[in-house]
Amino acid sequence: MQSTSILSAEVTVALPEKSLVTLTINGEKKQLELAPWTTLLDALREYLDLTGTKKGCDHGQCGACTVLVDGKRINSCLTLAVMKEGASITTIEGLATVDENATVQLHPLQDAFIQHDAYQCGYCTPGQICSAVGLMNEGRAKTTDDIRELMSGNICRCGAYPHIVDAISEVMQIDKNS
Amino acid sequence: MNSFSYVRPDEIDVAIDDLSVHHAAKFIAGGTNLLDLMKENVERPARLVDINRLPLQTIDDTAEGGLRLGALVTNADTAYNEQVEKRYPLLSQAILAGASPQLRNMATNGGNLFQRTRCYYFYDTDMPCNKRKPGSGCGAINGYNRIHAILGTSDSCIATHPSDMCVALRALDAVVHVSGRLGERTIPMADFHRLPGNTPQYDNTVQPGELVTAIELPAKGFADHYAYLKLRDRASYAFALVSVAVGLDINNDGTITEARIALGGVAHKPWRRPESEEQLVGQSASKEVFQLVADSIIDGAKGYGHNTFKVELARRAIVRALMQASKLEKIS
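For the record, the sequence lines run as chains A and B.
Position 1 of the first sequence, counting from 1, maps to 367 under the working numbering, and the rest follow consecutively.
Position 15 of the second sequence, counting from 1, maps to 2 under the working numbering, and the rest follow consecutively.
Next comes the structure, spelled out in structure tokens:
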């Protein structure tokens, strides 16, 4: 018997077609031709060169891939790009604004992260900041305990948590001792 | 991840038909569990039927005074829904005890019911697992089984159901609405998930081709006396080692008239023992009474080594949750 029989039996199905996916990324409409199994994270990094969004665990456990979809924070590694057809995506690259003099204005959270030294290696930082934007949109955090609980989906292996909480509580005007 | 074809129907009937006529097709909603399992090659669907555009996105009052949670409403929108927070705070609290804000923004109510076990042997395709590959054996029974079940286990499987939401739904006697080619039917939460027996590959009693459309909450929400106590290895964002959902009805004179106690993290399904709950009816809340009831609920519990601590942990967690629900102990 041929030893390749298992393989040859499996490879009889043609690869499914790629499909056109339209996404609004940081305010710009983008059309991509993607295989259905392309995650939103891979679409951003590999097809749009938006490498600010990080791939950490790729299993929804670390939060490094956090982006905002229609204002809500999600793990971009656990959704398919094709499932987000028509959605508006904001990544870390889309948070800063440029004024009429072409001066870049960082998002208040970006400024606060710098001021409070809220990172060490920086790998989790884009996810932390996007997650904090989502947290502020949700309007549920009233104390620093709330911030810690509602930021628990973002892991920082350097352990910069105290400064991250300081940065977010400052922008949210939450008492640091609450 | 394997390759697969993809469709995104707008109508319920079209989605059900598509799933029925295609080999190895699966529904996808939030995708938080399915895509994770596909990346591990535990799930290998040939086709994904994206149900996110189906009209199952609302939370509505029922004629019976309850609430009907659309299958596609996210866990976050459900937990923060004004009616759920006010009338079913136990459910709200249980949902918020699970996963992370990002995952709760993606995960749907229907999908939460279909979460698969987090057993390490189920996730690792190099390991034996009767749930993933029937007949291959169970790696956990004589292996590393710290997170595993102590009640309702079998020689084939000691996996637990990982959901927090489902524990509250079980305490609340929720009813699941499903739709299939043969029509619609309802499944009480008590019968939705199953014990492993010698067919652990089946997590629940939903039939192939059926779609969960809604979860119905009966009028009674136990909003005055409830507790969801979750014990885990870290303060947040971890699966329960043991969790307890409690709902009590207490008269003005302090007599308990009804009690619901459901456990998570200890069995293949949310665990309840109604005959133990009955022991509380007519009693006044006290630690001594709660201890007797806790003993009764975990009667027959069996540890497998690494998870043997769960037997005592569950007993104490039941007592503490009852103390909190009856307001004899403050929630800290």
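For each residue, glycine too, the CB sits at the ideal point set by N, CA and C.
Every value quoted in this text rests on a predicted model; they were computed, and no experiment measured them.
C-beta atoms of residue i and residue j nearer than 8 Å
i                : j                 : result
Met301 (chain B) : Ile46 (chain B)   : Checking the displayed sequence, the identity of residue 301 (chain B) turns out to be Ala instead of Met. No, the Cβ-Cβ distance between Ala301 (chain B) and Ile46 (chain B) is not below 8 Å.
Leu267 (chain B) : Ile243 (chain B)  : yes
Leu250 (chain B) : Val233 (chain B)  : no
Pro257 (chain B) : Arg133 (chain B)  : no
Pro187 (chain B) : Lys118 (chain B)  : yes
Ile480 (chain A) : Thr509 (chain A)  : no
Ala33 (chain B)  : Ala12 (chain B)   : yes
Phe179 (chain B) : Val163 (chain B)  : yes
Ala430 (chain A) : Gly422 (chain A)  : yes
Ser518 (chain A) : Ser223 (chain B)  : yes
Val36 (chain B)  : Pro(-4) (chain B) : yes
Val231 (chain B) : Lys274 (chain B)  : no
Arg74 (chain B)  : Ala161 (chain B)  : no
Ile82 (chain B)  : Leu41 (chain B)   : no
Leu59 (chain B)  : Gly97 (chain B)   : yes
Thr147 (chain B) : Ala281 (chain B)  : no
Leu218 (chain B) : Gly167 (chain B)  : no
Gly18 (chain B)  : Ala201 (chain B)  : no
Arg597 (chain A) : Leu516 (chain A)  : Residue 597 (chain A) lies beyond the residue range present for chain A, which begins at 367 and ends at 544; the question has no answer from this structure.
Thr432 (chain A) : Leu406 (chain A)  : no
Leu309 (chain B) : Phe277 (chain B)  : yes
Leu386 (chain A) : Glu399 (chain A)  : yes
Reduced DSSP category for residue i - H, G, I as helix; E, B as strand; rest coil
i                : result
Asn441 (chain A) : strand
Ser374 (chain A) : The pLDDT assigned to Ser374 (chain A) is 49, lower than 50, so where the model puts this residue is not dependable, and the model offers no usable value.
Ile248 (chain B) : strand
Cys496 (chain A) : helix
Lys13 (chain B)  : strand
His180 (chain B) : strand
Ala76 (chain B)  : Reading off the sequence shown, one finds Pro at residue 76 (chain B), where the question assumed Ala. Helix.
Ile145 (chain B) : coil
Cys428 (chain A) : coil
Cys153 (chain B) : helix
Leu398 (chain A) : strand
Pro175 (chain B) : strand
Gln368 (chain A) : Legend: pLDDT at Gln368 (chain A) = 40, less than 50; position of this residue unreliable, value from coordinates given subsequently. Correct three-state label for Gln368 (chain A): coil.
Gln471 (chain A) : strand
Ile237 (chain B) : strand
Glu30 (chain B)  : coil
Arg55 (chain B)  : strand
Asp511 (chain A) : helix
Val253 (chain B) : coil
Glu451 (chain A) : coil
Tyr224 (chain B) : coil
Ile285 (chain B) : coil
Asp465 (chain A) : coil
Interface residues of chain A facing residue i [CB-CB closer than 9 Å]
i                  : result
Met(-12) (chain B) : Trp403, Thr405
Per-residue contacts from residue i into chain A (C-beta, under 8 Å)
i                : result
Leu138 (chain B) : By Cβ distance, chain A contributes nothing, its closest Cβ being about 28 Å from Leu138 (chain B), past 8 Å.
Asp23 (chain B)  : His425, Gly426, Leu444
Beta-carbon neighbours of residue i, restricted to chain A and to distances below 7 Å
i                 : result
Lys26 (chain B)   : Asp424, His425
Phe(-9) (chain B) : Pro382, Pro402, Trp403
Thr19 (chain B)   : Gly426, Leu444
Amino acids of chain B, ordered along the chain, whose beta-carbon sits closer than 9 Å to that of residue i
i                : result
Arg439 (chain A) : Pro88, Gln89, Asn92
Proximal residues of chain B, C-beta to C-beta of residue i below 8 Å
i                : result
Ser497 (chain A) : Pro88, Gln89
Gly429 (chain A) : Ser87, Gln89
Gly500 (chain A) : Pro88, Gln89, Asn92
Thr432 (chain A) : Gln89
According to a CB-to-CB cut-off of less than 7 Å, which residues of the stretch 88 to 111 of chain B neighbour chain A?
-> Pro88, Gln89, Leu90, Asn92, Met93
What residues in the stretch 28 to 44 of chain B have a beta carbon less than 8 Å from any beta carbon of chain A?
-> Ala33, Leu35, Asp37, Asn39
Which of the residues in the stretch 380 to 395 of chain A, read from start to end, lie with their CB under 9 Å from any CB of chain B?
-> Leu381, Pro382, Glu383, Ser385
Meets three-Cβ-pair contact criterion under 8 Å: the stretch 199 to 206 of chain B and the stretch 237 to 251 of chain B = no
Can you list, in chain order, the residues of the stretch 448 to 466 of chain A whose Cβ is nearer than 9 Å to any Cβ on chain B?
-> Val448, Met449, Glu451
Is the stretch 138 to 156 of chain B close to the stretch 121 to 129 of chain B, with three or more CB pairs under 8 Å?
-> yes
Could you run through the stretch 508 to 541 of chain A and flag, in chain order, every residue whose CB is less than 7 Å away from some CB of chain B?
-> Glu515, Leu516, Ser518, Gly519
Against chain A: residues of the stretch 222 to 234 of chain B by CB proximity under 8 Å | Ala222, Ser223, Tyr224
Closer than 9 Å, Cβ to any Cβ of chain A: which residues of the stretch 51 to 75 of chain B, in chain order?
-> Thr61, Ala63, Tyr67
Determine which residues of the stretch 478 to 497 of chain A have a Cβ less than 8 Å from any Cβ of chain B, and write them out in chain order.
-> Ser497
Evaluate contact between the stretch 404 to 411 of chain A and the stretch 463 to 479 of chain A, counting only Cβ atoms and requiring at least three cross-stretch pairs below 8 Å.
-> no
Check whether the stretch 526 to 538 of chain A touches the stretch 448 to 463 of chain A, counting contact only when three or more Cβ pairs, one atom from each stretch, lie closer than 8 Å.
-> no
Is the stretch 277 to 290 of chain B touching the stretch 182 to 198 of chain B in the sense that three or more CB pairs, one from each, lie closer than 8 Å?
-> no
Do the stretch 438 to 453 of chain A and the stretch 89 to 104 of chain B meet, that is, are 3 or more Cβ pairs less than 8 Å apart?
-> yes
Does the count of Cβ pairs from the stretch 482 to 502 of chain A and the stretch 385 to 394 of chain A closer than 8 Å reach three?
-> no
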